[in-house]
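Below: one structure, written as structure tokens.
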Amino acid sequence: MKKSNIIIRLFKKNKAGSVGLIIFIFFVLVAILADFLAPYDPMEIQYDESGIVKRLQPPSNEHLLGTTWMGRDVFSQLIIGSRIAVLVGVISAICVTFIGTNIGLIAGYFGGAVDNITMRLVDIIYGIPFLPFALILVAILGPGVKNIILAIVLITWRNSSRVIRSQVLSLKNRTFIEAARLSGAGHVMIIYKHIAPNVMPLSMVYVSTTMASAIMTESSLSFLGFGDPTQMSWGRILFSCYSSQAMFKAWWWMVPPGIAIAILVLSGYLMGRAFEEIANPKLRER
């Protein structure tokens, strides 16, 4: 049976994974159609009929999630902010998993000096605290989505590389790998044609979980003021609410982006649960 068919069947069977996938697709569609869904420009100051700025107005028919201290529409900011969350989550997850999987494949397959050098590098990176590193890197390179993604990728690949390496160590001496060697297959062919497909379900687990942690990281950095000041994000909405000292008197400004972050992060972990069952068939029996 093809891997794609197994994945489809497991997502149908795993309700949590299906819910996570539906939530993720929903946010992706919102991000793609953000310009059409947002009723106002997220940075446009709204005025009432008498020309007074609509400061901290609660939710209404005109402004579904109320307005900010500057009179901007919160709902529009929430919709547009989904772009950064989805973009950072997806790109970071793909890059981290790609790097970590390849390093794990190479280290586990070749072993010896290659394995020792690679794993010592991983040990060093494990000794670097993530959030301080990200803060320092973004502070040096400047605030921006690219630098946030770079900070995430430079540190987070360590997790997947070590686990993939362990899986490769258990696979490289199996009968089908020996048969491939005897048939004249080279190292690259063995690694990417015979071993890589068997560790791919495990890599997909890291795609989901890394996406979730990347979204949290971007939101945290933006909340601390290290996000891109030219682009709207959920973390920036929270930062603006906090800096305006309106967190306790304008719940409609603070709660929606917090809920959106929590739901999108949850979707990553729910999808990861479904991929875990592919990587570890014993979980399907529980």
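So my numbering is basically just the index in the sequence shown, starting at one, shifted up by 379. Glycine residues also receive a C-beta, built at the ideal position from the N, C-alpha and C atoms.
Where does residue i land, buried or exposed, given buried means 16+ other C-beta within 10 angstroms?
i    : result
D414 : exposed
Q624 : exposed
R462 : buried
G490 : exposed
H566 : exposed
N495 : exposed
S429 : exposed
Tell me which residues share the same chain as residue i and place their Cβ nearer than 7 Å to its Cβ, disregarding the 5 neighbours each side in the sequence.
i    : result
L581 : V542, I543, Q546 and A658
M633 : L617, C620 and M626
With DSSP collapsed to three states, give me the class of residue i.
i    : result
T446 : strand
D452 : strand
M590 : helix
Y419 : coil
M380 : Because M380 carries a pLDDT of 47, less than 50, the predicted location of this residue cannot be relied on, and no value is offered for it.
So the candidates are the options; which of them puts its Cα closest to the Cα of residue i?
i    : options                   : result
T480 : S539, L500, I642 and Y505 : S539
M666 : K551, P576, R560 and G460 : In the structure displayed, the chain extends from 380 to 665; residue 666 sits before or after that span and is not available.
R553 : G563, I569 and G565       : I569
V586 : I401, R615, I424 and G651 : G651
R451 : Y488, I470, P418 and I640 : P418
L643 : T609, L603, Y426 and T588 : T588
T609 : V524, M579, I496 and A593 : V524
W536 : I473, A639, F454 and P635 : I473
Q456 : P576, W631 and M611       : M611
S599 : M498, A513 and S549       : A513
S549 : M595, E597 and Y488       : Y488
Among the residues of its own chain, which have a CB less than 6 Å from the CB of residue i, if the five just before and after it don't count?
i    : result
M380 : Low confidence applies here, because M380 scores a pLDDT of 47, under 50, leaving its location unreliable and the question unanswered by this model.
M583 : F654
F605 : V517 and P522
R615 : S601 and G606
M590 : G468, A472 and G647
Verify the contact flag: residue i, CB atom, against every heavy atom of the ligand FAD, threshold strictly below 7 Å.
i    : result
G445 : The ligand content of the structure shown is nil, which means the ligand FAD is not present either.
Skipping 5 residues on each side, what residues in its chain have a beta carbon closer than 8 Å to that of residue i?
i    : result
V376 : What the structure shows of the chain is the stretch from 380 to 665, and residue 376 is not part of that stretch, so it cannot be assessed.
V493 : I485 and A486
(message) For the segment 496-503 against the segment 615-631, do three or more pairs of beta-carbon atoms, one drawn from each stretch, fall closer than 8 Å, so that the two count as touching?
(response) no
(request) Report yes or no: do three or more beta-carbon pairs, one from the segment 509-525 and one from the segment 473-493, lie closer than 8 Å? (result) no
(request) Taking 8 Å as the threshold, find out whether the segment 556-569 comes into contact with the segment 426-443 through three or more Cβ pairs. (result) no
(message) Check whether the segment 399-414 and the segment 440-448 touch, using three or more Cβ-Cβ pairs below 8 Å as the test.
(response) no
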